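See below for the structure under consideration.
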Amino acid sequence: MTETEKEYKVVIQLTGNDPAIQKATIGQVNNILKALEKVRIEVVTHSHGIELLFNNSAFKNTLEQLHGKGVTFLVCQNAMDAQNIEKGSLLPFAEIIPSAVAHLIIRQHEGWSYLRMS
Amino acid sequence: MTETEKEYKVVIQLTGNDPAIQKATIGQVNNILKALEKVRIEVVTHSHGIELLFNNSAFKNTLEQLHGKGVTFLVCQNAMDAQNIEKGSLLPFAEIIPSAVAHLIIRQHEGWSYLRMS
Amino acid sequence: MTETEKEYKVVIQLTGNDPAIQKATIGQVNNILKALEKVRIEVVTHSHGIELLFNNSAFKNTLEQLHGKGVTFLVCQNAMDAQNIEKGSLLPFAEIIPSAVAHLIIRQHEGWSYLRMS
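Chains as they are written, first to last, in numbering that gives the first Met the number 0: chain A, 0 to 117; chain B, 0 to 117; chain C, 0 to 117.
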């Protein structure tokens, strides 16, 4: 079994709303999907990072395609509360988690790799 | 045993002195304490991040409360030397470690999760 | 066996080309080498981070010395393609990997620690 045949798992943390970083995040997801045959990817957004998953997101179509390939997009409830955002403002495939940071900790304890977007 | 009943451990790396990032760090610590019943948290500061723990810190009272809840605050000796900072300039509950980056490596090898503040 | 006698492994992710961050990366590598007796260090560059390893790098001599001490410097092929960079533009000891993000995921699955440069 080669390195690319193993199943990998990764949580990608996004906190900023700079379009360049949003674009870089999508680029990294694509690079991971290209490089690793079996991989589970969760994009974990909190703070201003949740804007990536607003239903008026500039990357809406691309995100939908990535979701179709099995990529999961998560939004922090704490961040939604702090910014007064309702579920209806999110893309339909975005999933809400109680705490992004707790999720990142739990996933790493479960053996997932971690990538921090700058 | 649910996810929240397990004991988790996390090192949080802080290198900047931007008050917004200092505040976000404290917010994340609070979110972790709220989400996970049993968790050990170490805030590991180096570079300009050590300013969070100066004894004139704007967040002095909040940090003291978090320390009272078991959160550990660590300061890198290398960074103190580089910035000519003495132990007397730090909050009394701040603990000095020889090297922040070595500490972050060791903790991850021991199974701790890692979070990088932006 | 003390903490410093164990063998540690770390991947350090660098994505920016700000000279201050390049310098901080080198400083962290030096601090790790000083603190841990047995340690394998890989500096993994992608996006604008690959400029650290261009053959006109301002840190050329220091990087060569670190390479002589066993530090590995990796460059992402995806980033080279996106920026139209040829192998001849890189320092001779820089090694090319197909995907930096996939490499960071694989290494963490193998038990390596991870440090993200800001």
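Glycine included, each C-beta is placed from N, C-alpha and C at the ideal position. Computed from a predicted structure; not experimentally measured.
Limits of the beta strand (DSSP E) - the one that residue i falls within
i	result
residue 8 of chain B	6–13
residue 96 of chain C	94–96
Paired residues, beta bridge with residue i - DSSP
i	result
residue 71 of chain B	B:41
residue 112 of chain A	A:9
residue 58 of chain B	DSSP lists no partner for residue 58 of chain B.
residue 52 of chain B	Per DSSP, none; premise fails for residue 52 of chain B.
residue 89 of chain B	B:53
Contact check, residue i vs residue j, beta carbons under 8 Å
i	j	result
residue 179 of chain C	residue 101 of chain B	With chain C running from 0 to 117 in the structure shown, residue 179 of chain C is simply not present.
residue 43 of chain B	residue 89 of chain B	no
residue 13 of chain B	residue 51 of chain B	yes
residue 33 of chain C	residue 7 of chain C	no
residue 9 of chain B	residue 104 of chain A	yes
residue 116 of chain B	residue 57 of chain B	no
residue 107 of chain C	residue 113 of chain A	yes
residue 47 of chain C	residue 15 of chain C	yes
residue 20 of chain A	residue 49 of chain A	no
Residue i classed as buried or exposed, judged by whether at least 16 other C-beta atoms fall within 10 angstroms
i	result
residue 27 of chain C	buried
residue 77 of chain C	buried
residue 4 of chain C	exposed
residue 93 of chain A	buried
Limits of the unbroken alpha helix (DSSP H) element including residue i
i	result
residue 32 of chain B	18–34
residue 82 of chain C	Careful: residue 82 of chain C lies outside any alpha helix (DSSP H) and carries neither H nor E.
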